[in-house]
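Asker:
Chains as they are written, first to last, in my numbering: chain A, 606 to 902; chain B, 731 to 1029.
(1) Check whether the Cβ atoms of residue 832 (chain B) and residue 838 (chain B) sit closer than 7 Å, and answer yes or no.
(2) Go ahead and pull the three-state DSSP assignment for residue 696 (chain A).
(3) Our contact map puts residue 690 (chain A) next to residue 776 (chain A) with C-beta atoms below 8 Å; I'd like the distance itself, whole angstroms only.
(4) Can you confirm whether residue 973 (chain B), when its beta carbon is compared against all beta carbons of chain A, has any partner nearer than 7 Å?
(5) In the region 781-814 of chain A, which residues sit with their C-beta less than 8 Å from some C-beta in chain B, listed in chain order?
(6) My understanding is that residue 752 (chain A) touches residue 832 (chain A), with C-beta atoms under 8 Å, so please give their C-beta distance in whole angstroms.
(7) For chain B, check one thing: does any of its Cβ atoms lie closer than 7 Å to the Cβ of residue 612 (chain A)?
(8) Have a look at A:850, A:713 and A:622 and flag the residue whose alpha-carbon is nearest the alpha-carbon of residue 563 (chain A).
(9) Any idea which residues DSSP pairs residue 840 (chain A) with across the strands?
(10) Of all the CB atoms in chain A, is at least one closer than 7 Å to the CB of residue 817 (chain B)?
(11) Tell me the DSSP bridge mates of residue 998 (chain B)?
(12) Sort out for me which residues DSSP pairs residue 942 (chain B) with in a bridge.
(13) Can you list the residues of chain A that residue 783 (chain B) reaches, using a CB-CB cut of under 8 Å?
(14) Short of 7 Å in beta carbon distance, which residues of its chain neighbour residue 1022 (chain B), apart from the five on each side in sequence? Order them along the chain.
(15) Output, in sequence order along the chain, the residues in the region 796-824 of chain B whose CB is closer than 9 Å to any CB in chain A.
(16) How would you list, in chain order, the residues of chain B whose beta-carbon sits under 8 Å from the beta-carbon of residue 699 (chain A)?
(17) Could you pull out every residue in the same chain whose Cβ sits closer than 7 Å to the Cβ of residue 867 (chain A), ignoring the five residues on either side in sequence?
(18) I'd like to know if residue 909 (chain B) contacts chain A, where contact means its C-beta is closer than 7 Å to some C-beta of that chain.
(19) Hey, would you say residue 1013 (chain B) sits closer than 7 Å to residue 972 (chain B), going by beta carbons?
(20) Taking 7 Å as the CB-CB limit, is residue 834 (chain B) close to chain A?
(21) DSSP three-state call for residue 773 (chain B): helix, strand or coil?
(22) When you compare only the Cα positions, how much space is there between residue 805 (chain A) and residue 694 (chain A)?
(23) Which runs of the beta strand (DSSP E) at least 3 residues long sit entirely within the region 739-802 of chain B? Give them in chain order.
(24) Determine whether the Cβ of residue 620 (chain A) lies closer than 7 Å to any Cβ atom of chain B.
(25) Buried or exposed for residue 896 (chain B), please, with buried defined as at least 16 other CB atoms from any protein chain shown within 10 angstroms of its CB.
(26) Using DSSP with H/G/I as helix, E/B as strand and the rest coil, what is residue 947 (chain B)?
(27) Once the 5 residues before and after residue 752 (chain B) are set aside, which same chain residues still bring their CB inside 8 Å of it?
(28) Using a threshold of 7 Å, state whether the C-beta atoms of residue 927 (chain B) and residue 1007 (chain B) are closer than that.
(29) Out of A:736, A:607 and A:723, which one is the CA nearest neighbour of residue 628 (chain A)?
(30) Closest to residue 917 (chain B) by C-alpha separation, out of B:777, B:824, B:952 and B:898, would be which residue?
(31) Strictly below 8 Å CB to CB, what residues from chain B border residue 606 (chain A)?
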């Protein structure tokens, strides 16, 4: 089964290797350039110490275009659509499942081996690339807010990859055709990820609330390690809400309130979101296994 | 002796449609059995049930006395299956397909499978997608024969082949199973394909088995009598009538069993296998079959 799976999916494996390798290379290169240059110049707020030579310029452009960060969001979805969805669907499309299921291997074993052999290497690759992003952020220091690139770090990256692959396999098994399964996988993946990011994430742990007369004590400029939720609410001395902005005609503000998630909760949040995605993925994979072994009869 | 395939009251429903209903049949060992019927008659469903690809909605099917659903692992080594349109992995080379067979089967004869394809002159480095239909089905057959199956199930293996390739395929098939002594169940909607190779016939129509038996015995026990036109309501006592057809001047009677004496003007005409099949297919209510008892396998 190992040989068969490899023979069937070596092209996808090559693609995954090339893309993940490219991403890892770019991230590692940028992290290395930042690390080298950080030794020879003082830290500038909001900037970095990249040298002016060609290597530094390349790293600078990579940082400016956020190459790896887009890649880290997009690649899990692509893995789900292009590797997960056809995994079972292509067999059904070509009728080859009837060939595979009448050899000496049961359907359950056939599917489980296929899943393990395809998914595990992809998760390792995803974890590695996501970890390089963590390394890069460590080198960059507090100037980049980790919460802004929440989706691009390990363990969330491999968890999202597992979720996308599970969606793909399940849609592929149920729909039985690759292309509709790919579309369904992409759409569902985006909806769920955006939904979790926008609606659920800030509630994993009840946010803290900062109330202060010092208007500069809220927001990213005050604490760049925290995730500042929504907008600051300014109040006047009698407790009336003035609005989210300070400006002429807004009244005389006395204090400001803004809720936030402190920086030391970051890894707890990463763990919680990874557990949610991985949990969903396992449920979906269980459903796919049930469907293939019980319903396709 | 345990029959290779035995079904009792077997039924399979997809949604609201019964693809196969109350099917009771027994394929005796060592036979090359033909499963014949029009498209959509339930042939594929029956073969898939026997191969463990489907679960019955009603009744039971046993292969070598075991359930292909709950005891599939015990049967996979012994049963070869060639699915409709002989599916293979188009991007695999012929050699890859043989490796596929070797890796996925505990019982596998590499030498025999390679020799079979070499005899046919099929190059091992050619991609399956580039083979001709005839070569493709030969590769599928070699793959199924590679594990020396005691039972070989083939679903319309020659449906897409030209007459020459059909003949070649059937010839190779009969040679192979003659050597091995395996039982074969082969479906087709073309009687001529089956007539050449089969010695046992199962006629299936609208999801039900019409008739099953040795072809020689079937032909010997069925008679076509032609004579002067009978009254449409004429009673033929003691005659097992399969079908009657009346034209202006004459009546044709298809009869099972002993030939009655009908008097002057009646003659018996020869009945070909194809005619026999068509007779049953056009008179679906005529089929009667004793229901075989299922034997339990000694486990």
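Cβ coordinates follow ideal geometry from the N, Cα and C atoms, glycine included. If you're wondering where the values come from, they're calculated on a predicted model, not measured in any experiment.
Answerer: In brief:
(1) Mapped onto the second chain, residue 832 (chain B) falls at position 102. Mapped onto the second chain, residue 838 (chain B) falls at position 108. Contact: yes.
(2) In the first chain, residue 696 (chain A) corresponds to position 91, counting from 1. Looking at residue 696 (chain A) - three-state DSSP - the assignment turns out to be helix.
(3) Here residue 690 (chain A) corresponds to residue number 85 of the first chain, with the count starting at 1. Here residue 776 (chain A) corresponds to residue number 171 of the first chain, with the count starting at 1. Confirmed, about 6 Å.
(4) Position 243 of the second chain, counted from the first residue, corresponds to residue 973 (chain B). Cβ-Cβ to chain A under 7 Å: no for residue 973 (chain B).
(5) none
(6) By 1-based counting over the first chain, the position of residue 752 (chain A) is 147. By 1-based counting over the first chain, the position of residue 832 (chain A) is 227. Confirmed, about 4 Å.
(7) Along the first chain, one-based indexing puts residue 612 (chain A) at 7. At least one chain B Cβ lies under 7 Å of residue 612 (chain A).
(8) Past the boundaries of the shown model lies residue 563 (chain A); chain A is included only from 606 to 902, so the question cannot be answered.
(9) On the first chain, residue 840 (chain A) is found 235 positions in, with the first residue counted as 1. In the DSSP output, where bridge partners are listed per residue, residue 840 (chain A) has A:846 and A:860.
(10) If you number the second chain from 1, residue 817 (chain B) lands on position 87. Chain A contact via Cβ: present.
(11) In the second chain, counting from the first residue as 1, residue 998 (chain B) sits at position 268. Residue 998 (chain B) is bridged to B:955.
(12) Residue mapping note: residue 942 (chain B) aligns to position 212 of the second chain, counting from 1. Paired residue(s): B:932.
(13) As a working mapping, residue 783 (chain B) is identified with position 53 in the second chain. Within 8 Å Cβ-Cβ: 703, 706, 707 and 902.
(14) Sequence index remark: in the second chain, residue 1022 (chain B) carries index 292 (1-based). Its pLDDT being 45, under 50, residue 1022 (chain B) is placed unreliably by the model, and the measurement read from it follows with that caveat. Excluding positions up to five away in sequence, the list reads 736, 738, 754 and 756.
(15) 799, 802, 803, 806, 807, 809, 810, 811, 812, 813, 814, 815, 816, 817, 818, 819, 820, 821 and 822
(16) As a working mapping, residue 699 (chain A) is identified with position 94 in the first chain. Those within 8 Å of residue 699 (chain A) in chain B are 817, 819 and 820.
(17) If you number the first chain from 1, residue 867 (chain A) lands on position 262. Closer than 7 Å at the Cβ level, and outside the excluded window around residue 867 (chain A), lie 813 and 831.
(18) The residue given as residue 909 (chain B) occupies position 179 in the second chain. Cβ-Cβ to chain A under 7 Å: no for residue 909 (chain B).
(19) Position 283 of the second chain, counting from 1, holds the residue named residue 1013 (chain B). Position 242 of the second chain, counting from 1, holds the residue named residue 972 (chain B). Yes, Cβ-Cβ distance for residue 1013 (chain B) and residue 972 (chain B) is below 7 Å.
(20) Residue 834 (chain B) sits at position 104 when you count from the first residue of the second chain. Closer than 7 Å to some Cβ of chain A, the Cβ of residue 834 (chain B) qualifies, so yes.
(21) Sequence index remark: in the second chain, residue 773 (chain B) carries index 43 (1-based). Looking at residue 773 (chain B) - three-state DSSP - the assignment turns out to be helix.
(22) The residue given as residue 805 (chain A) occupies position 200 in the first chain. The residue given as residue 694 (chain A) occupies position 89 in the first chain. Roughly 32 Å between the two C-alpha positions.
(23) 747-757, 762-766 and 788-793
(24) Looking up residue 620 (chain A) in the first chain gives position 15. Not one chain B Cβ lies under 7 Å of residue 620 (chain A).
(25) Counted from its first residue, the second chain places residue 896 (chain B) at position 166. Burial call: buried.
(26) The count along the second chain starts at 1 and reaches residue 947 (chain B) at position 217. Helix.
(27) Position 22 of the second chain holds residue 752 (chain B). Within the same chain, residue 752 (chain B) has close Cβ partners 739, 740, 741, 788, 789 and 938.
(28) Within the second chain, the letter at position 197 stands for residue 927 (chain B). Within the second chain, the letter at position 277 stands for residue 1007 (chain B). In this structure, residue 1007 (chain B) does not lie closer than 7 Å to residue 927 (chain B) by Cβ.
(29) As a position in the first chain, residue 628 (chain A) is number 23, starting the count at 1. The shortest C-alpha separation from residue 628 (chain A) is found at A:736.
(30) Mapped onto the second chain, residue 917 (chain B) falls at position 187. Measuring from the Cα of residue 917 (chain B), the nearest candidate turns out to be B:777.
(31) By 1-based counting over the first chain, the position of residue 606 (chain A) is 1. Near residue 606 (chain A) (Cβ distances below 8 Å), the residues of chain B are 833 and 834.
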